[in-house]
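Engineer:
Protein chains: 2
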Amino acid sequence: MTRQAERPLRADARRNRDRILAAAVRLFAEPGPAPTFDRIAKEAGVGIATLYRNFPTREALVEAAYRSELVKLCDAAPGLLASGPARAALRAWTGRFLDYTTAKAGMADALRAAIDSGRNPYAHSREAMLAALTSLLTAGRADGTLRADVTPEDVFAALTGVALAAGGPDQREQAERLLDLLLDGLAAD
Amino acid sequence: MTRQAERPLRADARRNRDRILAAAVRLFAEPGPAPTFDRIAKEAGVGIATLYRNFPTREALVEAAYRSELVKLCDAAPGLLASGPARAALRAWTGRFLDYTTAKAGMADALRAAIDSGRNPYAHSREAMLAALTSLLTAGRADGTLRADVTPEDVFAALTGVALAAGGPDQREQAERLLDLLLDGLAAD
DNA sequence: CCGCTAAACGGAGGGTACTCCACTCTCGTG
DNA sequence: CACGAGAGTGGAGTACCCTCCGTTTAGCGG
Numbered sequence: 001m002t003r004q005a006e007r008p009l010r011a012d013a014r015r016n017r018d019r020i021l022a023a024a025v026r027l028f029a030e031p032g033p034a035p036t037f038d039r040i041a042k043e044a045g046v047g048i049a050t051l052y053r054n055f056p057t058r059e060a061l062v063e064a065a066y067r068s069e070l071v072k073l074c075d076a077a078p079g080l081l082a083s084g085p086a087r088a089a090l091r092a093w094t095g096r097f098l099d100y101t102t103a104k105a106g107m108a109d110a111l112r113a114a115i116d117s118g119r120n121p122y123a124h125s126r127e128a129m130l131a132a133l134t135s136l137l138t139a140g141r142a143d144g145t146l147r148a149d150v151t152p153e154d155v156f157a158a159l160t161g162v163a164l165a166a167g168g169p170d171q172r173e174q175a176e177r178l179l180d181l182l183l184d185g186l187a188a189d
Numbered sequence: 001m002t003r004q005a006e007r008p009l010r011a012d013a014r015r016n017r018d019r020i021l022a023a024a025v026r027l028f029a030e031p032g033p034a035p036t037f038d039r040i041a042k043e044a045g046v047g048i049a050t051l052y053r054n055f056p057t058r059e060a061l062v063e064a065a066y067r068s069e070l071v072k073l074c075d076a077a078p079g080l081l082a083s084g085p086a087r088a089a090l091r092a093w094t095g096r097f098l099d100y101t102t103a104k105a106g107m108a109d110a111l112r113a114a115i116d117s118g119r120n121p122y123a124h125s126r127e128a129m130l131a132a133l134t135s136l137l138t139a140g141r142a143d144g145t146l147r148a149d150v151t152p153e154d155v156f157a158a159l160t161g162v163a164l165a166a167g168g169p170d171q172r173e174q175a176e177r178l179l180d181l182l183l184d185g186l187a188a189d
C-alpha cells in the first residue's frame, strides 16, 4: 500500500490525490479542532475510501500536506551553518524544528510515526530530516564543539520527544529549555 | 468532574470503581491489542457511562490501573540514592522509568497527559514523579555532579519525551542512548 | 477504434469512543 | 423508620474512523 513514486498513478487518481491535498491544506489552516476525514473528503469532492487509499492515516496526510514546509526547514540548515558556528546553527535549527512541529496540529504525532521508517509514507520526511541533522552534526564534529558518538537518528528521536512532550502552545518555554538541555548533552567534553 | 478524594463516593459507586479497576488490570495484562472500553465495562459488570464517569479518558484509566507500579517506581528513588552516587542513582531511576512507561500499553500517553497537570486525574502521578525526581536532583546538586538550574518538571517532560519517541519494543537501545544523552546534559560543568 | 483488464471509485456498514437523559438507589435528616 | 434529594446508573444514540465489495473508468494492446 505504498503509493508514492512506485508506479505512476492514473490521471484521475493523480487528480484526486492533488485535490485531497489541497483540501487538507485549506482545512488544516482553519482555526479550531482538526477536520474530520469525512469533511476533508467532501471538501476534496472524493469518497472516504479514496481519501484512505491515498493517505492511510491522519499522520500520513499531515506529513504530505506540510511537505513544502518540511523542505524549507531542511533547506535552512546550510544557511544556518554559513552564518555562524555549527553548535549555534544546530540550536537555531532545533528551534525551527519546534516551530514546524508545533505550528500545525498533528505534526508531532506524524514525526513519531516517521521515527519508525518501516512505514514508507514517511521515508521522505525522515530522510530529509536526517540529512539536515547530518550536515549540522558533521560540521559540529569537525569544529570540535559537538560529540562524535551521537547519530542523527538519535537526535531526531530526541527532538521528536521534545515536540511530543512539550509541544503545546503554553509549553514553548519548557520546550526551549529542553532543547538547551539536549544541546548541552550533545556538546563535546 | 474530579472524583478523586474530593467527596466520598457512595458505597455502590465505590464498589463499581473498584470493579472497573480490577477488570482493567486483568484485561490490560492480557496479550494482544488494548481492550475496548466496552469490553472493560462488561468485564466489570457496569455500564459504559459508569466507566467514563470514573475514568474520562483511556489515559486516566491506565494511570489508575498502574498506580501501584508508579508507587514502586517512585519509592525506589531513596534506595537508589542510598546505594550509590546521585548521578548513577538518577540514571538507574530513569531506566526504571522507561521500564514503567514501556511495559504497559498506553502508559507513555498517560504521562503525556500528566505533564499538563491541569487535568486533575493525573495530579497524583505527577506529584509523585516530581517528588522522586526532586530527591534525585537535590542529591546530585549537593554532591556537585548535577546542575542546579534544571527543574524536576523539565526532567519529567524530557523523560516522557524519550518514552513517547522511543518507547517501542524494538527501540530500547535507542531509548537508553537518549537517557544517557539527557544525563550528559544534566551534568554539572 | 474497440475490447479488456485491472486500477480506482464511493457509499454502506461495522467498530469504538463518547454523551444524553429517564430511571434507580443511597444516604442524610426529621 | 420513612422520605426526599441528588448521586449514580446504563442502554441507546451520535460522531468519527476505517474497510468491504459491487461498480466505474482509464489506459493499453490489437
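Protein sequence lines, in the order shown, are assigned to chains E and L.
74 is the number that UniProt numbering gives to position 74 of the first sequence; each next residue is one higher, with no gaps.
21 is the number that UniProt numbering gives to position 21 of the second sequence; each next residue is one higher, with no gaps.
Ideal placement from N, C-alpha and C gives every residue a C-beta, glycine not left out.
Using a Cβ cut-off of 7 angstroms, pull out every chain L residue sitting near G185 of chain E, in sequence order please.
Structural biologist: For the purposes of this step, residue 185 of chain E is identified with residue 185 of the first sequence, where counting begins at 1. Those are L181, L182, D184 and G185, listed as they occur along chain L.
Engineer: Going by the CB atoms, is the gap between A148 of chain E and C74 of chain E shorter than 8 angstroms?
Structural biologist: On the first sequence, position 74 is the one that residue 74 of chain E refers to. On the first sequence, position 148 is the one that residue 148 of chain E refers to. Not closer than 8 angstroms, so no.
Engineer: What residue range does the alpha helix (DSSP H) around E30 of chain L cover?
Structural biologist: Translated into the one-based positions of the second sequence, residue 30 of chain L becomes position 30. Segment: none, E30 of chain L is in no alpha helix (DSSP H) and carries neither H nor E.
Engineer: With DSSP as the reference, identify every bridge partner of A187 of chain E, one or two as the case may be.
Structural biologist: Taking the first sequence and counting its residues from 1, the one referred to as residue 187 of chain E is at position 187. E:L146.
Engineer: Rounded to a whole number of angstroms, what is the C-alpha to C-alpha distance between A188 of chain L and E176 of chain E?
Structural biologist: Within the second sequence, numbered from 1, the residue matching residue 188 of chain L stands at position 188. Within the first sequence, numbered from 1, the residue matching residue 176 of chain E stands at position 176. If you take the alpha carbons of A188 of chain L and E176 of chain E, they lie about 19 angstroms apart.
Engineer: What residues in its chain sit with their C-beta under 7 angstroms from that of L27 of chain E, if we drop five residues either side in the sequence?
Structural biologist: For the purposes of this step, residue 27 of chain E is identified with residue 27 of the first sequence, where counting begins at 1. So the list reads P35, R39, I40 and E43, once near-sequence residues are dropped.
Engineer: Are G167 of chain L and T102 of chain L closer than 8 angstroms when you measure CB to CB?
Structural biologist: Numbered from its first residue, the second sequence carries residue 167 of chain L at position 167. Numbered from its first residue, the second sequence carries residue 102 of chain L at position 102. Yes. Within cutoff.
Engineer: Rounded to the nearest angstrom, what separates T145 of chain L and E30 of chain L at their Cα positions?
Structural biologist: On the second sequence, residue 145 of chain L is found 145 positions in, with the first residue counted as 1. On the second sequence, residue 30 of chain L is found 30 positions in, with the first residue counted as 1. Cα to Cα, the separation comes out at about 42 angstroms.
Engineer: What does a CB cutoff of less than 8 angstroms around R19 of chain E pick up in its chain, not counting 5 residues either side in sequence?
Structural biologist: Looking up residue 19 of chain E in the first sequence gives position 19. Excluding residues within five positions, the ones whose Cβ falls inside 8 angstroms are A44, G45 and V46.
Engineer: By Cβ distance below 7 angstroms, which residues in the same chain neighbour R96 of chain L in space, the five residues on each side in sequence not counted?
Structural biologist: By 1-based counting over the second sequence, the position of residue 96 of chain L is 96. For R96 of chain L, where only same-chain residues beyond five positions count, the Cβ hits under 7 angstroms are L73 and A76.
Engineer: Rounded to a whole number of angstroms, what is the C-alpha to C-alpha distance between E173 of chain L and V162 of chain E?
Structural biologist: Here residue 173 of chain L corresponds to residue number 173 of the second sequence, with the count starting at 1. Here residue 162 of chain E corresponds to residue number 162 of the first sequence, with the count starting at 1. Taking the straight line from one Cα to the other gives about 18 angstroms.
Engineer: Considering only C-alpha positions, which residue in the set E:A88, E:L186, E:A23 and E:N54 is nearest to residue 201 of chain E?
Structural biologist: This structure cannot speak to residue 201 of chain E, because chain E is shown only from 1 to 189.
Engineer: Nearest to H124 of chain L by alpha carbon, out of L:I48, L:A60 and L:R141?
Structural biologist: As a first step, residue 124 of chain L must be located in the second sequence, where it is residue number 124. Cα-wise, what sits closest to H124 of chain L is L:A60.
Engineer: Compare the beta carbon distance of L182 of chain L and A158 of chain L with 8 angstroms and say whether it is the shorter of the two.
Structural biologist: Taking the first residue of the second sequence as position 1, residue 182 of chain L is located at position 182. Taking the first residue of the second sequence as position 1, residue 158 of chain L is located at position 158. Their beta carbons are under 8 angstroms apart, which means L182 of chain L touches A158 of chain L by this criterion.
Engineer: Rounding to the nearest angstrom, what Cα-Cα distance links L90 of chain L and A23 of chain E in this structure?
Structural biologist: Position 90 of the second sequence holds residue 90 of chain L. Position 23 of the first sequence holds residue 23 of chain E. Rounded to the nearest angstrom, the two C-alpha atoms are 48 angstroms apart.
Engineer: So with Cβ pairs under 8 angstroms, would you call residue 219 of chain E a contact of chain L?
Structural biologist: A question about residue 219 of chain E goes unanswered here, because the residues of chain E that appear run from 1 up to 189.
Engineer: For the UniProt domain "HTH tetR-type" (14–73) of chain E, enumerate the residues whose C-beta is nearer than 9 angstroms to any C-beta of chain L, in chain order.
Structural biologist: Hits within the stretch: zero.
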